[in-house]
Every structure is written in structure tokens, then in C-alpha cells.
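Colleague: This is the structure I want to talk about, given as C-alpha cells.
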Amino acid sequence: MLEARIEQASVLKRVIEAIKDLVPDCNFDCNDTGIALQAMDNSHVALVAMLLRADGFSPYRCDRNIALGINLNSLTKVLRCAQNEDMITLKADDAPDSLNLVFENTENERISEYDIKLMDIDQEHLGIPDTEYSASITLPTAEFQRICRDLSQLSESVAIEATKEGVKFSCSGDIGNGSVTLRTHQNVDKPELSTKVDLTEPVNLTFSLKYLVNFCKASSLSQTVTLSLSNEVPLLVEYKMDNGYVRFYLAPKIDE
Amino acid sequence: GKQQTTISSFFTPK
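Top line first, the protein sequences correspond to chains A and B. Following the numbering used here, the numbering of the first sequence begins with 326 at its first residue and continues without gaps. Following the numbering used here, the numbering of the second sequence begins with 36 at its first residue and continues without gaps.
Written out as C-alpha cells, the structure is:
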């Protein structure tokens, strides 16, 4: 069986909020290393990979592999019943047809308990190859969100060009064109506001802005986001957490 | 123009 207690409901709320629009129904794969998820969106253009490591829970018990098929809109409704500072305990049997959630508030001794029905979801797992990316760009989450939002007003696509000087996001559409360039820089007082580019070779790739805007729903998970690019492979957008990550992969647009 | 590719053309089922 699974028993996993997380100190702060807000962590789980933010993770689900980050992915629910992209992958409304998905399997949470639980085993002794933690709770993981891998799912493609309906159009198979983007893939979400999430991990909440066992050491982010206390206690954490899961002695065999359990897949929890969850409708994330249903889970969101139940998680709204938890306050951000509540502890959440997740419980499920070995072959479960429901997931039990207990929310506890130690301050006012309030305990609430919910069960949500699980679904059978036939989901194939894809092998994600270990990739040495040509460019890896770390920038403030809020900056990335702003760039995606701004450029999505002009165009459906953005070209991301990484050089050792920095990264340039550019787009063109019916009303005109636009670009934002971030030069590599280090903010000594606030390192999370720095822009860092690790580069082995220059990269220039084009992606759909609609998906990037969607990925930015994960912005509350981390102060920085890392974009990893190589020519002709999907972009990796990674939000790291203390005990896990949310990664989005986005297939590029290529010349016809 | 550019054409959108899919994830399945890069990552294969396990």
C-alpha cells in the first residue's frame, strides 16, 4: 500500500496546478523512490515528467508499484478543500479504486478526509534519452513567463537562439515582429535573478508559444527555470523543487 | 513555413 505525508499542502497544489491543463488525466506511478508521472498532452506535442521524491514525504511507504489513475480536475477540487499549511496524507491500497486524502491542521486540530475515485488510464511510457544539450539557459521564472506572454501577443511561434553572449527570443506575426534578448549576467546579491548560459555550440530552434505559456503555470514552483536545447530535439523546460522536479518537453517546429 | 513535430518522433515507447 501507499502512505505518503507531505508537510505543506501548497507543494502538491502548485504541482497539480502546473500540469492539469496540459495532461488532465494521468497515472501517478508510486514506488519506493517516490511519486512520478509521465504523460503527453492530447496532441502529442508536449510531454510532462514529474517527480516527487520519497524523501520529500515523511513518512513515506510504498512497498510495490502502484499506478493511481487520476483526473486532475477532480484532484484540484479536493485539494481546494485543503489549506496551504495543512499536512496532507495520501493513502491507497495495492490495487486501488480510490485515493484517500487526509488534511490535518495542527494548529486548530482540524482533520478532513476525502476519497477520490481512480480511473484506468492506458498510458504508454516513453524512453527519454539522456541528452548532452548544446545549450542550457537558466533564467528567472518570472522573466521567462513575461517573455512568453509578451511574444505570444504577436505570434504563435518563437525562435530561441542561444549564443555564448546570451539568449534571444524572437517572433514575427501579422502585426509585426518582436524580440527579447537576455545577456548573460550574474546578480551577486540576488543570484536567482541571474541569467546563465552554458553552451557547447550555438542553437537556434523554433517552438509553439501556446505550449510555453502553458508551461509557465509551473512558475510558482521555483524562482529559476532551465531551458535545455539541442538542434533537432525537443526543448526541455525544467522547474526544480527541493525534493523533485516538473519537466516539460516540447517538440520543435522544423522547416517543411 | 515551419511544421510542428510530435514528441513521439523523438522519444520511443519503453
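Backbone N, C-alpha and C define an ideal beta-carbon position, used for all residues, glycine too.
Kindly identify the DSSP beta-bridge partner or partners of residue 332 of chain A.
Modeller: In the first sequence, counting from the first residue as 1, residue 332 of chain A sits at position 7. According to DSSP, residue 332 of chain A bridges with nothing at all.
Colleague: Where does residue 559 of chain A land, buried or exposed, given buried means 16+ other C-beta within 10 angstroms?
Modeller: On the first sequence, position 234 is the one that residue 559 of chain A refers to. Burial call: buried.
Colleague: In chain B, which residues lie less than 7 Å from residue 580 of chain A when you measure between Cβ atoms?
Modeller: Locating residue 580 of chain A in the first sequence gives position 255, where the first residue counts as 1. Those are 37, listed as they occur along chain B.
Colleague: Report the three-state DSSP secondary structure of residue 583 of chain A (helix, strand or coil).
Modeller: The first residue shown for chain A is 326 and the last is 581, placing residue 583 of chain A beyond what the model contains.
Colleague: Taking the alpha-carbon of residue 397 of chain A as reference, which of A:339, A:485, A:572 and A:330 has the nearest alpha-carbon?
Modeller: By one-based count along the first sequence, residue 397 of chain A stands at place 72. Considering only alpha carbons, the answer is A:339.
Colleague: Counting only beta-carbon atoms, is residue 460 of chain A nearer than 9 Å to chain B?
Modeller: As a working note, residue 460 of chain A is residue 135 in the first sequence. Chain B contact via Cβ: absent.
Colleague: For residue 451 of chain A, which residues in chain B fall below 8 Å Cβ to Cβ?
Modeller: Against the first sequence, residue 451 of chain A aligns to sequence position 126. Per Cβ cutoff of 8 Å: 42, 43, 46, 47, 48 and 49.
Colleague: With three or more beta-carbon pairs closer than 8 Å as the criterion, would you say the stretch 471-479 of chain A touches the stretch 503-513 of chain A?
Modeller: These segments touch.
Colleague: Out of A:527, A:362 and A:384, state which residue places its alpha-carbon closest to the alpha-carbon of residue 345 of chain A.
Modeller: The sequence position of residue 345 of chain A within the first sequence is 20, counting from 1. Closest option to residue 345 of chain A, Cα to Cα, is A:362.
Colleague: Leaving out five residues before and five after residue 427 of chain A in sequence, what residues of the same chain have Cβ atoms less than 6 Å from its Cβ?
Modeller: Mapped onto the first sequence, residue 427 of chain A falls at position 102. For residue 427 of chain A, where only same-chain residues beyond five positions count, the Cβ hits under 6 Å are 414 and 438.
Colleague: State whether the stretch 571-578 of chain A contacts the stretch 362-378 of chain A, with contact taken as three or more CB pairs (one from each stretch) at a distance under 8 Å.
Modeller: Counting Cβ pairs under 8 Å, three or more are found: they touch.
Colleague: When the cut-off is 9 Å and only beta carbons count, does residue 570 of chain A lie next to chain B?
Modeller: Indexing the first sequence from 1 puts residue 570 of chain A at position 245. Cβ-Cβ to chain B under 9 Å: no for residue 570 of chain A.
Colleague: Using three-state DSSP, classify residue 540 of chain A as helix, strand or coil.
Modeller: As a working mapping, residue 540 of chain A is identified with position 215 in the first sequence. Residue 540 of chain A falls in the helix class under three-state DSSP.
Colleague: Could you please give the first and the last residue of the uninterrupted beta strand (DSSP E) stretch that includes residue 453 of chain A?
Modeller: Stepping through the first sequence from its first residue, residue 453 of chain A is reached at position 128. Taken as a continuous stretch (DSSP letters only), residue 453 of chain A belongs to no beta strand (DSSP E), as it is neither H nor E.
Colleague: Let me see if you follow: with CB-CB separation under 9 Å, is residue 349 of chain A close to chain B or not?
Modeller: Taking the first sequence and counting its residues from 1, one reaches residue 349 of chain A at position 24. So no, residue 349 of chain A is outside the interface.
Colleague: Kindly list the residues whose CB is nearer than 7 Å to the CB of residue 482 of chain A, restricted to its own chain and excluding five residues on each side of it in sequence; keep chain order.
Modeller: What you label residue 482 of chain A is simply residue 157 of the first sequence in a count that begins at 1. These residues qualify, in order along the chain: 496, 531, 532, 533, 534 and 578.
Colleague: Who does residue 428 of chain A pair with in a DSSP beta bridge?
Modeller: As a first step, residue 428 of chain A must be located in the first sequence, where it is residue number 103. Partner(s): A:413 and A:437.
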